[in-house]
Amino acid sequence: MINLYNYNTPKKGEIFDTLLEHKNIKIIRIISSDEVDNKLYIQDEDEWVVVVEGEAILEINDIEKKLSKGESIFIGSKVPHRVIKTQNGTVWLAISIY
């Protein structure tokens, strides 16, 4: 059994915890500090991301998107994206579809 709300916020960066990996789906819980890496992601899989707590600003194909608690976005495979800013303690779920 996994409790989504049992976590510690990192002082810097993000923590990635794989909650489930089964067949063509992977579910990852991400806990973000307010000092995130500005890494560009170009992934082979499709990804659906939902903010469970907090808020974040993503850059997808050079367009900024703000996500607040409860909001989600689909990011297709090979689409360049990065996390620009997060509120300290932001919790996300990222569902990767292979």
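All the letters of the sequence shown, read from the start, carry residue numbers 1 to 98 under UniProt numbering.
Virtual Cβ for every residue (Gly too), placed ideally from N, Cα, C.
Within the DSSP secondary-structure output, V50 pairs in a beta bridge with S72, L93. By the CB criterion at 9 Å, E47 and I2 fall outside the cutoff.
Per the Cβ contact rule, the segment 31–49 is in contact with the segment 84–91 (3 or more Cβ pairs under 8 Å). Look at E35 here: in three-state DSSP terms it is coil, with no helix or strand label. Where I57 is concerned, the enclosing beta strand (DSSP E) starts and stops at 55–60. A distance of 9 Å or more separates the beta carbons of I27 and L40.
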